[in-house]
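Visitor: Here it is, the structure in full.
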Amino acid sequence: MTKKETFQKEFEDHVKKGLTSSPKYLSSKYIYDDKGDRLFQQIMELPEYYLTGAEYNIIDSYKTDLRKLLTIDGGFDLIELGAGDGKKTKVLLKELCDHQTDFTYKPIDISQNAIDQLAQDLLQVFPNLDVQGEQGTYFKVLEELAQYNKRPKAIFVLGSNIGNLQHPEAIDFLSKLREIMSNKDVLFMGFDQKKDPLTIQNAYADSQGITQEFNRNLLHRINKEMQADFPVDVFEHWEAYDPQTGTAKSYLLATEPCTVDVRHLNLQVEFKKWETIHTEISQKYDDDTVEWLAQKAGLSIAGIYEDDREYFKNYLFKR
Ligand code: AVJ
1 MTKKETFQKE FEDHVKKGLT SSPKYLSSKY IYDDKGDRLF QQIMELPEYY
51 LTGAEYNIID SYKTDLRKLL TIDGGFDLIE LGAGDGKKTK VLLKELCDHQ
101 TDFTYKPIDI SQNAIDQLAQ DLLQVFPNLD VQGEQGTYFK VLEELAQYNK
151 RPKAIFVLGS NIGNLQHPEA IDFLSKLREI MSNKDVLFMG FDQKKDPLTI
201 QNAYADSQGI TQEFNRNLLH RINKEMQADF PVDVFEHWEA YDPQTGTAKS
251 YLLATEPCTV DVRHLNLQVE FKKWETIHTE ISQKYDDDTV EWLAQKAGLS
301 IAGIYEDDRE YFKNYLFKR
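Residue 127 in UniProt numbering sits at position 127 of the sequence shown, with consecutive numbering throughout.
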């Protein structure tokens, strides 16, 4: 099976499981097809979605420190998991290129589309940059990465992407990263912080309804790729942030009773009025929680970087 076929099979198995469970769920990792990528780009431009700007501010403020910390004789690999459009990373890439730093940029994303566009785009801006992009899910690519352990690695995971994972999954993810790290390697990761709950609530329930369209893209994809007939407009986006646990949960809420036929899976799914599909968590953190995750994963924190508004932090981990 090709990567694409394997991914499609996983998606189908997931849909079957998620829509026959009680309560129903679907994973946000399947939102990102070409349209999902575009919608996420639009989310990053929203005034309410403070995460991108906050992390941009951090990288811009600390780019010199980061360059000095990363620069090493013989060069290094800058591996970015979930690179997307590379907007924030570009600030650091520019800093590195401006100082003729010896490194290779390896952006990794679940979306082939994102990787192709990014590589094309970067070569225009930085003609001398060595870019080697790769499409894949984090864990699959991590296994591949474990095989070439030549130059020291700086692994970047920006955007608080880890927030889509439950704590046990996050520990597992960090542990897997630790496994492929040598003691020369570093991990630089973004963690959105606990803050005024309303700021968080608004970031995930924007007034223009872009987040709703983003969430609904799961249903559009199932309709298109599995010959289903979700009445997409019947499902409304609902966001619930719990300031105690720091978990923001997204749902699709059936505002009418309906029956959905997923022809390709030979599956009929009933929705009662007000029934939910849980689609995403976006976990918020504090230092104690990140320290606990790191310790569980066998990593130590070597640096903490914060934006001007104290909304977001990037942590530098070593093994
Ligand atoms: C890409 C996982 C960081 O959870 O903040 C944005 C995805 N979902 N708006 C996040 C998302 C709704 C985003 N991450």
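Heads up, the beta-carbon is just placed ideally off N, CA and C, and yes, glycines get one too.
Out of Lys4, Lys24, Thr104 and Thr245, which one is the CA nearest neighbour of Lys272?
Guide: Nearest C-alpha to Lys272: Lys24.
Visitor: Below 8 Å CB to CB, which residues in the same chain sit around Leu123 once its five sequence neighbours on both sides are set aside?
Guide: Here the set comprises Leu129 and Val131.
Visitor: Does the pairing of the segment 249-266 with the segment 139-151 give three or more beta-carbon distances under 8 Å?
Guide: Contact between the segment 249-266 and the segment 139-151 is absent, because fewer than three Cβ pairs lie under 8 Å.
Visitor: Between which two residues does the beta strand (DSSP E) containing Pro107 stretch?
Guide: First-last of the beta strand (DSSP E) with Pro107: Phe103 to Asp109.
Visitor: Cα separation between Thr89 and Asn266?
Guide: Near 44 Å, if we compare the C-alpha coordinates of Asn266 and Thr89.
Visitor: Starting from Trp238, trace the beta strand (DSSP E) both ways and give me its first and last residue.
Guide: Element bounds for Trp238: Phe235 to Asp242.
Visitor: Can you tell me whether DSSP reads Ile304 as helix, strand or coil?
Guide: Three-state result, Ile304: strand.
Visitor: Does the segment 172-189 come close enough to the segment 33-53 that 3 or more CB-CB pairs lie under 8 Å?
Guide: Short answer: they don't touch.
Visitor: Which runs of the alpha helix (DSSP H) at least 4 residues long sit entirely within the segment 39-73? Give them in chain order.
Guide: 51-70, all fully within the segment 39-73.
Visitor: From the DSSP output, in three-state form, read off Ser282 for me.
Guide: Looking at Ser282 - three-state DSSP - the assignment turns out to be strand.
Visitor: Along the beta strand (DSSP E) that carries Ser250, what are the first and last residues, could you check?
Guide: Thr247 to Ala254 is the span of the beta strand (DSSP E), which, as asked, contains Ser250.
Visitor: Would you say the beta carbon of Thr137 comes nearer than 6 Å to a heavy atom of the ligand AVJ?
Guide: Not so, every heavy atom of the ligand AVJ lies at least 6 Å from the Cβ.
Visitor: Express the C-alpha separation of Phe126 and Asn164 in angstroms, rounding to a whole number.
Guide: Distance between the alpha carbons of Asn164 and Phe126: 32 Å.
Visitor: For Thr276, which residues does DSSP report across the bridge?
Guide: Beta-bridge pairing links Thr276 to Leu253.
Visitor: Please classify Asp185 as buried or exposed, where buried requires at least 16 other C-beta atoms within 10 Å of its C-beta.
Guide: Buried, since its Cβ has 16 or more Cβ neighbours within 10 Å.
Visitor: Pop quiz: Ala302 and Lys318 are said to be a contact at Cβ under 8 Å. What is the actual Cβ separation, rounded to whole angstroms?
Guide: The Cβ separation is near 5 Å, so the contact holds.
Visitor: Candidates Val290, Glu306 and Tyr56: which alpha carbon is nearest Leu299's?
Guide: Out of Val290, Glu306 and Tyr56, Val290 has the C-alpha closest to the C-alpha of Leu299.
Visitor: Is any heavy atom in the ligand AVJ found nearer than 6 Å to the beta carbon of His163?
Guide: Reading the sequence as shown, one finds Gly at residue 163 and not His. Within the cutoff, so yes.
Visitor: Compute the distance between the beta-carbons of Phe40 and Leu78, then report whether it is under 7 Å.
Guide: Cβ distance not < 7 Å, so Phe40 and Leu78 don't count as in contact.
Visitor: Within the same chain, show all residues whose beta-carbon is closer than 6 Å to that of Thr247, passing over the 5 residues directly before and after it, in chain order.
Guide: Ile281 and Gln283, listed in sequence order.
Visitor: Within 8 Å, do at least three Cβ pairs link the segment 27-34 to the segment 210-220?
Guide: The segment 210-220 is in contact with the segment 27-34.
Visitor: Assuming Asp172 and Leu51 form a contact by the criterion Cβ under 8 Å, report the distance between their Cβ atoms to the nearest whole angstrom.
Guide: Rounded, the Cβ-Cβ distance is 23 Å, inconsistent with contact.
Visitor: Per DSSP, Gln193 forms a beta bridge with which residues?
Guide: DSSP lists Tyr285 as partners of Gln193.
Visitor: Could you have a look at Ala228 and say whether DSSP puts it in helix, strand or coil?
Guide: Strand, per DSSP.
Visitor: Compute the beta-carbon to beta-carbon distance between Asp121 and Gly84, rounded to the nearest angstrom, for a pair I have assumed lies under 8 Å.
Guide: With 8 Å as the limit, Asp121 and Gly84 do not qualify as a contact, their Cβ atoms being about 11 Å apart.
Visitor: Any idea if Tyr20 is buried or exposed, counting beta-carbon neighbours within 10 angstroms, 16 or more meaning buried?
Guide: It is worth fixing the name first, because residue 20 is Thr in this sequence and not Tyr. Exposed, by the Cβ-count rule.
Visitor: Tell me which residue opens and which closes the alpha helix (DSSP H) that Leu142 is part of.
Guide: Note, Leu142: alpha helix (DSSP H), Tyr138 to Leu145.
Visitor: With respect to 6 Å, is the separation between the Cβ of Thr211 and the closest non-hydrogen atom of the ligand AVJ below this value?
Guide: Yes, the Cβ of Thr211 comes within 6 Å of a heavy atom of the ligand AVJ.
Visitor: If contact is defined by three or more beta carbon pairs under 8 Å, each pair taking one atom from either stretch, is the segment 197-205 in contact with the segment 152-171?
Guide: No: fewer than three Cβ pairs fall under 8 Å.
Visitor: In angstroms with no decimal places, state the Cα-to-Cα distance between Met1 and Phe11.
Guide: Using only the alpha carbons, I get a separation of about 14 Å.
Visitor: Asn215 and Leu253: beta carbons closer than 7 Å?
Guide: It is not a contact, given that the beta carbons lie outside the stated cut-off.
Visitor: My assumption, with CB atoms under 8 Å, is that Met226 sits in contact with Asn314. Please give the rounded CB distance.
Guide: Going by Cβ atoms, the distance from Met226 to Asn314 rounds to 38 Å, so no, they are not a contact pair.
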